[in-house]
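A short write-up of the structure that comes next.
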Amino acid sequence: MSSILVIDDDASIAETLDLYLTEEGYKVRTALTGTDGLNQYVQEPSDVVILDIRLPDIDGFTVLEDLKEENENVKVIMITAFHDMETTINAMKSGAFDYIHKPVNVDELDLAIKKALKSLEMEKKIDGLLMEPSRSFRVGDIIGTGNEMREIFKTIGTVSQSRTTVLIQGESGTGKELIAKVIHNNTSPDEPFIAVNCSAIVETLLESELFGHEKGSFTGAVARKLGKFELARFGSVFLDEISEMSVNLQAKLLRVLQEMEFDRVGGKEKVKVNARIMAATNKDLKTLVKEGKFRDDLYYRLNIVSITLPPLRLRRQDIPSLIDYLLAKINLDLHKKIIGISDEMMEVFMNYNWPGNVRELENLLVRACVVAKGQVLGVNDFPELGKEEAAKAPEDASADLFKPSQPGKFLTLDEVEERYIRKVIKETDKNKGEICDILGVSRPTLERKLEKYGITFERE
Ligand SMILES: Nc1ncnc2c1ncn2[C@@H]1O[C@H](COP(=O)(O)OP(=O)(O)OP(=O)(O)O)[C@@H](O)[C@H]1O
Ligand SMILES: [Mg+2]
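Given below as structure tokens:
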């Protein structure tokens, strides 16, 4: 029988989990403080620990550390009321196995426990998986809430402990390069981050950019030149728009990924690659593979870990915080004191389709800040996105309702639920009570779901 230790200071949560998990066939123990939890674990280790971050005596991260010290392979599922990126990445980097939000959703918890037990079983089989010790924690700024972004933060935390290749996909302007930089900063902040755009340069130049060349290897090669893979040392090489790489270079890149070494153009000795390789694309690589435009073996090599960024129109709840964040950045750059955008403009922004995603939002704000007279940006400051745009903007949300963020992917039931609730709120002017009637749920259920999906809405 697999055993679970629940450490949570909220007695009612501890008790509920105890009942539920015992029912599910686990051997369960509970502790209401970090100290008690640690003592119980030392006396008798359990397979899985469910750990609250905020505890009365020691904080959850310290408990996690101590548990890890006791048993490096302990499977800890953290639970918390915080939703932000930093806590999530931090939890995953400190070696938590998974991370779940309050109020705890039992299906999510079930899944996490099953995954943890499965991984324990695998580890017993493959003795001694090599992992680098986790480094000090550094993040850039990624604004994001919602399930998809949360999963992305988790992945960033996990990949930052290794040097695996990462493929980052998403529409233009969704933050692919930003994610690559955050992964880099979390892995090897003191080493170079080198970005190469695979579409910008002609093939032969790209080859010598990547691999370098020896003096005299071709006309114009007047001196030895180091390639990006060498210059990046133990840092990262970010191959942007990888879909545009020629078939010939794809073959060479594949060899580099397989052997982690290469020849300089015209060179004799092998050069070792120490850098982590990340690639990004705004095309669907899988489709290109099917069409024969991208090598499938290279695709599988790159796709060891893949991150798919959702387009902004599918995570509109992030628009207000993105605006705050971007305005703060722009104020600093332009020495301005813009404090926000008008309610009317916010309405337009919330309904607009954002084909250029966060980059488009950023560009619009920069332009508006440059010309703005007042401290609050209004409709007049966004001539491109004026009133007529607002009028036609409310897109047919039902068309988008089941549309996955990436072709070929499917939505989870939670995602469908979230979108449907948003649609009803957006398309009616009803208050919360009436929305409960439309959705056929009680008021507390609606409140819980609004909180879960980070939906704010003020019509009482
Ligand atoms: N979640 C986010 N939080 C804060 N800023 C973001 C976020 N996503 C993107 N940005 C900002 O938006 C801009 C565009 O992001 P980035 O260049 O990473 O996108 P991209 O996916 O590489 O775009 P492209 O495909 O056009 O190259 C950057 O200035 C970035 O800092
Ligand atoms: Mg980019």
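Going letter by letter, the sequence shown gives residues 26 to 485 in the numbering used here.
Heads up, the beta-carbon is just placed ideally off N, CA and C, and yes, glycines get one too.
Is Q194 buried or exposed, if buried means 16 or more other CB atoms sit within 10 Å of its CB?
Residue mapping note: residue 194 aligns to position 169 of the sequence shown, counting from 1. So Q194 counts as buried.
According to DSSP, is I104 helix, strand or coil?
On the sequence shown, position 79 is the one that residue 104 refers to. Residue state, collapsed to three classes: strand.
Can you give me the C-alpha to C-alpha distance between T189 and I329, rounded to a whole angstrom?
Here residue 189 refers to the residue found at position 164 of the sequence shown. Here residue 329 refers to the residue found at position 304 of the sequence shown. Looking at the two C-alpha atoms, the distance is approximately 7 angstroms.
Determine the contact status of R468 and K477, defining contact as a CB-CB distance below 8 angstroms.
By 1-based counting over the sequence shown, the position of residue 468 is 443. By 1-based counting over the sequence shown, the position of residue 477 is 452. No, the Cβ-Cβ distance between R468 and K477 is not below 8 angstroms.
What I want to know is whether the C-beta of D486 ends up closer than 7 angstroms to one or more non-hydrogen atoms of ligand 2.
Because the chain is modelled from 26 through 485, residue 486 falls outside the range shown and cannot be assessed.
Would you mind working out which of I83, G50, I78, R79 sits nearest N64, comparing C-alpha positions?
Position 39 of the sequence shown, counted from the first residue, corresponds to residue 64. When each option's Cα is compared against that of N64, the closest is I83.
Just to confirm, does R341 get its C-beta within under 7 angstroms of one of the non-hydrogen atoms of ligand 1?
As a first step, residue 341 must be located in the sequence shown, where it is residue number 316. Flag unset: Cβ of R341 not near ligand 1.
Simplified DSSP assignment, three categories, for G365
Within the sequence shown, numbered from 1, the residue matching residue 365 stands at position 340. G365 falls in the strand class under three-state DSSP.
Contact belief for K253 with L235 at Cβ below 8 angstroms, rounded distance in angstroms:
Numbered from 1 along the sequence shown, position 228 holds the residue referred to as residue 253. Numbered from 1 along the sequence shown, position 210 holds the residue referred to as residue 235. Sure, about 5 angstroms apart at Cβ, within 8 angstroms.
Confirm, please, whether the CB-CB distance from E239 to G198 is below 8 angstroms.
Translated into the one-based positions of the sequence shown, residue 198 becomes position 173. Translated into the one-based positions of the sequence shown, residue 239 becomes position 214. Going by C-beta atoms, G198 is not nearer than 8 angstroms to E239.
Option in I114, I75, T112, L80 with minimal Cα separation from K100:
Here residue 100 refers to the residue found at position 75 when the sequence shown is read from its first residue. Considering only alpha carbons, the answer is I75.
What does the Cβ neighbour count give for D135, buried or exposed, with the cut at 16 atoms within 10 Å?
Within the sequence shown, residue 135 is the residue found at index 110, counting from 1. The residue is exposed, with fewer than 16 neighbouring Cβ atoms inside 10 Å.
Can you grab the Cα-Cα spacing for the pair F435 / F427, in whole Å?
Looking up residue 435 in the sequence shown gives position 410. Looking up residue 427 in the sequence shown gives position 402. Between F435 and F427, the C-alpha separation is close to 8 angstroms.
Could you tell me whether any non-hydrogen atom of ligand 2 is closer than 7 angstroms to the CB of E202?
Position 177 of the sequence shown, counting from 1, holds the residue named residue 202. Result yes, Cβ under 7 angstroms from ligand 2.
Determine, using beta carbons only, whether D123 and A106 come nearer to each other than 8 angstroms.
Along the sequence shown, read from residue 1 onward, the residue named residue 123 stands at position 98. Along the sequence shown, read from residue 1 onward, the residue named residue 106 stands at position 81. Not closer than 8 angstroms, so no.
C-alpha distance - N356 paired with I363, whole-angstrom precision:
Counting from 1 along the sequence shown, the entry for residue 356 is found at position 331. Counting from 1 along the sequence shown, the entry for residue 363 is found at position 338. When rounded, the distance between both Cα atoms is 7 angstroms.
A304 beta carbon near ligand 2 (any heavy atom closer than 7 angstroms):
For the purposes of this step, residue 304 is taken as residue 279 along the sequence shown, with counting starting at 1. Not so, every heavy atom of ligand 2 lies at least 7 angstroms from the Cβ.
Backbone secondary structure at F86 - three-state DSSP:
Along the sequence shown, read from residue 1 onward, the residue named residue 86 stands at position 61. Helix, per DSSP.
Which of the three DSSP states, helix, strand or coil, is assigned to Q65?
Mapped onto the sequence shown, residue 65 falls at position 40. In this structure, Q65 counts as helix in the three-state DSSP scheme.
On the three-state DSSP scale, how would you describe S37?
Locating residue 37 in the sequence shown gives position 12, where the first residue counts as 1. Here S37 sits in helix by DSSP.
Residue interval of the alpha helix (DSSP H) (run including V281)
For the purposes of this step, residue 281 is taken as the residue at position 256 of the sequence shown. Start and end: 272-284.
Could you give the distance in angstroms between the alpha-carbon of S28 and the alpha-carbon of L475?
Looking up residue 28 in the sequence shown gives position 3. Looking up residue 475 in the sequence shown gives position 450. If I take the Cα positions, the gap works out to 34 angstroms.
Closer than 7 angstroms: E176 CB and nearest ligand 1 heavy atom
Position 151 of the sequence shown, counted from the first residue, corresponds to residue 176. No, Cβ of E176 sits at least 7 angstroms from all heavy atoms of ligand 1.
Cβ atoms of G62 and L89: under 8 angstroms apart, would you say?
As a working note, residue 89 is residue 64 in the sequence shown. As a working note, residue 62 is residue 37 in the sequence shown. Contact: no.
Do three or more CB pairs link the segment 341-350 to the segment 285-305 at distances below 8 angstroms?
no
With burial defined as no fewer than 16 other Cβ atoms inside 10 Å of the residue's Cβ, what is the status of K315: buried or exposed?
The residue you call residue 315 lines up with position 290 of the sequence shown. So K315 counts as exposed.
Helix, strand or coil for V373 per DSSP?
As a working mapping, residue 373 is identified with position 348 in the sequence shown. Three-state result, V373: helix.
Touching or not, the segment 204-213 and the segment 311-326, by the rule of three or more beta carbon pairs under 8 angstroms?
no
Who does S261 pair with in a DSSP beta bridge?
Working through the sequence shown from its first residue, we reach residue 261 at position 236. DSSP, once it has assigned bridges, lists F218, R301 as partnering S261.
S144 versus K118: straight-line alpha-carbon distance, rounded:
The residue labelled residue 144 in the question sits at position 119 within the sequence shown. The residue labelled residue 118 in the question sits at position 93 within the sequence shown. Between S144 and K118, the C-alpha separation is close to 17 angstroms.
Which residues mark the beginning and the end of the beta strand (DSSP E) in which R447 is found?
In the sequence shown, counting from the first residue as 1, residue 447 sits at position 422. Element bounds for R447: not the beta strand (DSSP E) but the alpha helix (DSSP H), 438-452.
Residues in the same chain with beta-carbon distance under 8 angstroms from V129, minus the five sequence neighbours each way, listed in chain order, please.
As a position in the sequence shown, residue 129 is number 104, starting the count at 1. Hits under 8 angstroms: I38, L42, I104.
Tell me the rounded alpha-carbon separation between R392 and A304.
As a first step, residue 392 must be located in the sequence shown, where it is residue number 367. As a first step, residue 304 must be located in the sequence shown, where it is residue number 279. R392 and A304: Cα-Cα distance of roughly 30 angstroms.
Verify whether the separation of the beta carbon atoms of I267 and T306 is less than 8 angstroms.
Position 242 of the sequence shown, counting from 1, holds the residue named residue 267. Position 281 of the sequence shown, counting from 1, holds the residue named residue 306. A contact, by the Cβ cut-off of 8 angstroms.
Skipping 5 residues on each side, what residues in its chain have a beta carbon closer than 7 angstroms to that of F218?
Along the sequence shown, read from residue 1 onward, the residue named residue 218 stands at position 193. These residues qualify, in order along the chain: K206, H209, G260, S261, F263.
For Q275 versus L323, is the C-beta spacing smaller than 8 angstroms?
By 1-based counting over the sequence shown, the position of residue 275 is 250. By 1-based counting over the sequence shown, the position of residue 323 is 298. Yes, Cβ-Cβ distance for Q275 and L323 is below 8 angstroms.
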